[in-house]
Amino acid sequence: MTSYLEYTTGEPVVDTKAPAGPINERWDKRRFEAKLVNPANRRKQTVIVVGTGLAGGSAGATLAEQGYRVVQFCYQDSPRRAHSIAAQGGINAAKNYRNDGDSIHRLFYDTVKGGDFRSRESNVHRLAQISVEIIDQCVAQGVPFAREYGGLLDTRSFGGVQVSRTFYARGQTGQQLLLGAYQALSRQIAAGNIEMHPRTEMLDLIVVDGRARGIVARDLITGKIDTYFADAVVLASGGYGNVFYLSTNAMNSNATAVWRAHRRGAYFANPCFTQIHPTCIPRTGDHQSKLTLMSESLRNDGRIWVPKAKGDTRQPNQIPEDERDYYLERIYPSFGNLVPRDIASRAAKNVCDEGRGVGPGGQGVYLDFADAIRRMGRKKVEEKYGNLFDMYERITAENPYEVPMRIYPAVHYTMGGLWVDYDLQTTIPGLFAVGEANFSDHGANRLGASALMQGLADGYFVLPATINDYLARHPHRDEVTDDHPVVQEVLAETEDRLNLLLSVDGDRTPDSFHRELGELMWEFCGMARTDEGLRKALDRIPQIREEFWRRIKVPGTGEELNQSLEKANRIVDYLELAELMCLDALHRSESCGGHFREESQTPDGEAARKDDEFGYAAAWEFTGTGEAPTLHKEDLVFEYVHPTQRSYA
Amino acid sequence: MKLTLRVWRQKNADADGAMSTYEVDGISPDMSFLEMLDVLNEQLILSGEEPVAFDHDCREGICGACSLVINGDAHGPERTTTCQLHMRSFKDGDTIDIEPWRAAAFPVVKDLVVDRSAFDRIIQAGGYITAPTGSAPEAHATPVPKADADFAFEHAECIGCGACVAACPNGAAMLFTSAKINHLNVLPQGAPERETRVLDMVAQMDAEGFGGCTLTGECATACPKGIPLMSITSMNKEWLRATRKAAKR
Chain A
1 MTSYLEYTTG
11 EPVVDTKAPA
21 GPINERWDKR
31 RFEAKLVNPA
41 NRRKQTVIVV
51 GTGLAGGSAG
61 ATLAEQGYRV
71 VQFCYQDSPR
81 RAHSIAAQGG
91 INAAKNYRND
101 GDSIHRLFYD
111 TVKGGDFRSR
121 ESNVHRLAQI
131 SVEIIDQCVA
141 QGVPFAREYG
151 GLLDTRSFGG
161 VQVSRTFYAR
171 GQTGQQLLLG
181 AYQALSRQIA
191 AGNIEMHPRT
201 EMLDLIVVDG
211 RARGIVARDL
221 ITGKIDTYFA
231 DAVVLASGGY
241 GNVFYLSTNA
251 MNSNATAVWR
261 AHRRGAYFAN
271 PCFTQIHPTC
281 IPRTGDHQSK
291 LTLMSESLRN
301 DGRIWVPKAK
311 GDTRQPNQIP
321 EDERDYYLER
331 IYPSFGNLVP
341 RDIASRAAKN
351 VCDEGRGVGP
361 GGQGVYLDFA
371 DAIRRMGRKK
381 VEEKYGNLFD
391 MYERITAENP
401 YEVPMRIYPA
411 VHYTMGGLWV
421 DYDLQTTIPG
431 LFAVGEANFS
441 DHGANRLGAS
451 ALMQGLADGY
461 FVLPATINDY
471 LARHPHRDEV
481 TDDHPVVQEV
491 LAETEDRLNL
501 LLSVDGDRTP
511 DSFHRELGEL
521 MWEFCGMART
531 DEGLRKALDR
541 IPQIREEFWR
551 RIKVPGTGEE
561 LNQSLEKANR
571 IVDYLELAEL
581 MCLDALHRSE
591 SCGGHFREES
601 QTPDGEAARK
611 DDEFGYAAAW
621 EFTGTGEAPT
631 LHKEDLVFEY
641 VHPTQRSYA
Chain B
1 MKLTLRVWRQ
11 KNADADGAMS
21 TYEVDGISPD
31 MSFLEMLDVL
41 NEQLILSGEE
51 PVAFDHDCRE
61 GICGACSLVI
71 NGDAHGPERT
81 TTCQLHMRSF
91 KDGDTIDIEP
101 WRAAAFPVVK
111 DLVVDRSAFD
121 RIIQAGGYIT
131 APTGSAPEAH
141 ATPVPKADAD
151 FAFEHAECIG
161 CGACVAACPN
171 GAAMLFTSAK
181 INHLNVLPQG
191 APERETRVLD
201 MVAQMDAEGF
211 GGCTLTGECA
221 TACPKGIPLM
231 SITSMNKEWL
241 RATRKAAKR
């Protein structure tokens, strides 16, 4: 066995399926060239969709509307609970309703630049084009976006951009958009076009003759492991931020679907690109089970500061103006408190590392609304942010109208994910990935209010157009059944894995391993990464894995609702994914977006990209647990937005 | 803090359940209620017992998964979701009763986990606007008066947790159903299906075995999102209007 670090570099990815020609014509061209399936034949073709968040919910509903037979899964008790529901701030669209200079090209430009030039231009441009249709679609569904007194839609500006292109529904935009998709999905379920399996978790992918043909899934109530077959499989299972244990993800959000697909041959791209969100509520102690995000829309009106002096323990209201350091406004005078997330997060870490952090453990900075309340009045602030302030008060028992909020960065979103081509197809034919599950359009850093946009663009508009082409070209006349040797093998592997977890009967709980891994990842693969630290983590992860299989304790049986078994099985995959994240972070010895390598910074401490060396997406091929993977590079070509060092000063 | 917990344990849907008593120690007032249950579960696993099963996911009060009756109150003593309830609402030495939602239409699955799929079927009966992808007109083609938009939003905030049903002495789902009907029926986009929506959803609600409404108001008191009791009145009005209109046809 070779060392995990001695990865090999394989063939580059040359064909992304993006059409050539002027960028604003590429999507039209692709849609025209895509083959169509005769409406009468669609009923005969089955598509499996895993996940019911914005991407999965919208994809399932739209495919069913088109006439395909959809079989859909979610681990929650209802498709309405997917974690997209927790997105607060808003959704971007280049509607230019404000007449403030916005355009499709500007949204495209902002997204490529914000992603620090690590995304694929063709995809990003398509995303910007589709953004305008999303708003129309959601309004037609009855999504109650905020409106002006004249009855027209309201917009606001949002982290990292200078135009007001973010549509919102108070601080619950994700909830409202998800309910829109869920209701569309419900309509199709009632019509008999979708067979919905709630409380059912995908545990593996079935690949027959090189094509994705189904999944293995476990009914979480009865424990029954079953197979489901289809002509194509769509993964909409979200991101992998929970590898860090503490994140803003839901407790049960997990990476099993994508990781199992990766093990079956789908490349995993840019796993080290994780987003640390600057405005979360700081942790209070070891018991912490998750972190709560406060929408960064708060940065529109709140001012971020710490005391100028180290170890200043005075109450915030006792610290006079001239002894406060509004560090973002000082360092980045033109963007101020609205700099992109990675920059705001790192700046917070820096001032805390200097010993100027506030609150318990010095792991926090102030987000102060005193000026906003003076300027707009308390009522206006309440109208804009009331629910966020209430949420903050409930969690911290502090009143943010009177005392500045305390915030600290937390893991929030993962830009990396399954590598997909322009059609959102992975390297396994017939396997598609949408939303946060793919490596997506955000490059090395996602702009605020762009996740909802991408999830819905993928699900409502992109996938339903591109999957047609695959289904038209590959009408599977051959039935796959449980008797197929490949299916037997995948089933047996899944059952063996769960049985092993149940039989170890060790002395450590699943959570204790998850927490240990999460702390390691936060320390060495978090906001700032070093060669030395990543090597330490890569050294340690196999040891934790070995210990896991020796000491894990899972009570109960597999034939019932067993939440410990669910957790333990997800940790098995985290323990492999974490290793790939660290290797990817180690190999990318540049800083870009959410990936900050301390060795690669400008003299004034900003991220220094190395475009010549790392102007590619890193797509990794699995070769075995703990075995060195193979790296395939997709060179990123910038014809329209030319790479410059980002500057928000 | 040191606490005594009396927790409903039930092996599965068919088994009988009973309250079991556990002690937990070292509980910090900053912990959420579910983090306190995490502590109990870690303890139980290490002692070889099965941990208490409960539904939870986002732990920030929006997904609607968590569903505990705490000392007789749905979601406990504060007006919030169980996941946003903190231990500072309790005192050292307290005894806390923890039960699942109790309602005929929400059968217990295991311990504190119940089956709320009846809610999904109520939505499937008409809790949507028919707008297939691609069919939408330009968003600004139909302005919506701000007051109507705000009314829609206020009702759209429902998280589908089921506290309203758990709190209702009749096990009625009127607040849940009315919230969705009011959200969609006030909007111009929802107008074409206004009558069928209310008639079909109410019929499905009755078919699921939820109880009748006697306007006790417990639902609105328990609702973590503040869906107002008047929501039910508005739904009744919509239902009467639709019934009359259907009779005329």
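Just so you know, the protein sequences line up as chains A and B, in that order.
Position 443, counted from 1, in the first sequence is what UniProt numbering calls 443; the numbers after and before it change by one each time, with no gaps.
Position 45, counted from 1, in the second sequence is what UniProt numbering calls 45; the numbers after and before it change by one each time, with no gaps.
Using N, Cα and C, we set each Cβ at its ideal position, and we do this for glycine too.
Nothing here was measured: the structure is a model prediction, and the numbers come from that model.
Taking one C-beta from the region 534-546 of chain A and one from the region 476-492 of chain A each time, how about it: are there three or more such pairs within less than 8 Å?
no
Check whether the Cβ of residue 193(A) lies closer than 8 Å to any Cβ atom in chain B.
no
Closer than 7 Å: residue 498(A) CB and nearest the ligand PLP heavy atom:
No copy of the ligand PLP appears in this structure; indeed no ligand is present at all.
C-alpha distance - residue 127(B) paired with residue 73(A), whole-angstrom precision:
21 Å
From residue 67(A) to residue 193(A), what distance separates their C-alpha atoms?
7 Å
What is the rounded straight-line gap between the Cα of residue 164(B) and the Cα of residue 183(A)?
If you draw a straight line from the Cα of residue 164(B) to the Cα of residue 183(A), it comes to about 21 Å.
Selected residue, minimal CA-CA separation from residue 190(A), among 68(B), 224(B), 125(B), 27(B):
Closest option to residue 190(A), Cα to Cα, is 125(B).
When the Cβ atoms of the region 506-519 of chain A are set against those of the region 562-580 of chain A, are three or more pairs found closer than 8 Å?
yes
Taking only runs of the alpha helix (DSSP H) that begin and end inside the UniProt domain "2Fe-2S ferredoxin-type" (1-102) of chain B, which ones reach a length of at least 4 residues, in chain order?
33-46
With the cut-off set at 8 Å, would you say residue 376(A) and residue 294(A) are in Cβ contact?
No, Cβ-Cβ distance for residue 376(A) and residue 294(A) is not below 8 Å.
Report back the beta-carbon spacing between residue 141(A) and residue 131(B) to the nearest angstrom; my notes put them in contact at under 8 Å.
5 Å
Distance, Cα to Cα, residue 255(A) vs residue 322(A)?
47 Å
Bridge partners - residue 280(A), DSSP secondary structure assignment
293(A), 408(A)
When you compare only the Cα positions, how much space is there between residue 424(A) and residue 226(A)?
27 Å
Whole angstroms are fine: how far does the CA of residue 89(B) sit from the CA of residue 3(B)?
13 Å
Can you grab the Cα-Cα spacing for the pair residue 173(B) / residue 143(B), in whole Å?
32 Å
Among all the DSSP beta bridges, which residues are the ones paired with residue 201(A)?
For residue 201(A), which the question treats as bridged, DSSP gives the partners 218(A).
Closer than 7 Å at the beta carbon, the chain B residues around residue 460(A):
133
Option in 4(A), 333(A), 357(A) with minimal Cα separation from residue 309(A)
357(A)
Going by DSSP, what residue range makes up the alpha helix (DSSP H) through residue 225(A)?
Looking at the DSSP string, residue 225(A) is not in any alpha helix (DSSP H); the run it does join, the beta strand (DSSP E), is 225-229.
Is the Cβ of residue 156(B) closer than 8 Å to any Cβ of chain A?
Output row for residue 156(B): interface = yes.
Counting only the same chain and skipping the five closest in sequence on each side, list residues whose C-beta sits under 6 Å from that of residue 168(B).
218, 219
So for residue 196(A), helix, strand or coil by DSSP?
strand
For the beta strand (DSSP E) that residue 607(A) lies in, which residues bound it at each end?
From DSSP, residue 607(A) is part of no beta strand (DSSP E); its letter is neither H nor E.
Any C-beta of chain B under 8 Å from that of residue 482(A)
no
Chain A beta carbons: is any one of them nearer than 8 Å to that of residue 75(B)?
Interface with chain A (8 Å Cβ-Cβ cutoff): residue 75(B) is excluded.
Under the three-state reduction of DSSP, which class applies to residue 552(A): helix, strand or coil?
strand
Rounded straight-line distance, which links the Cα of residue 329(A) to that of residue 599(A)
Straight-line Cα distance between these residues: approximately 26 Å.
Neighbourhood of residue 156(B) by C-beta, 7 Å cutoff - its chain only, sequence neighbours within 5 removed
183
I want to see whether chain A comes within less than 8 Å of residue 90(B), judged by CB atoms only; does it?
no
Length-filtered (4 minimum) alpha helix (DSSP H) runs lying within the region 415-493 of chain A:
The qualifying runs are 451-456, 463-473.
Contact criterion: CB-CB distance below 8 Å. Does residue 165(B) meet it with respect to chain A?
no
Name the two residues that bound the continuous alpha helix (DSSP H) containing residue 39(A).
39-42
Have a look at residue 37(A) and residue 229(A) and give me their C-alpha separation to the nearest angstrom.
19 Å
Who are the neighbours of residue 464(A) on chain B, taking C-beta pairs under 8 Å?
Annotation: Cβ neighbours of residue 464(A) in chain B (cutoff 8 Å, chain order): 133.
Which whole-angstrom value is the C-beta distance of residue 719(A) and residue 617(A), which I expect to be below 8 Å?
Since the first residue shown for chain A is 1 and the last is 649, residue 719(A) is missing from the structure and cannot be characterised.
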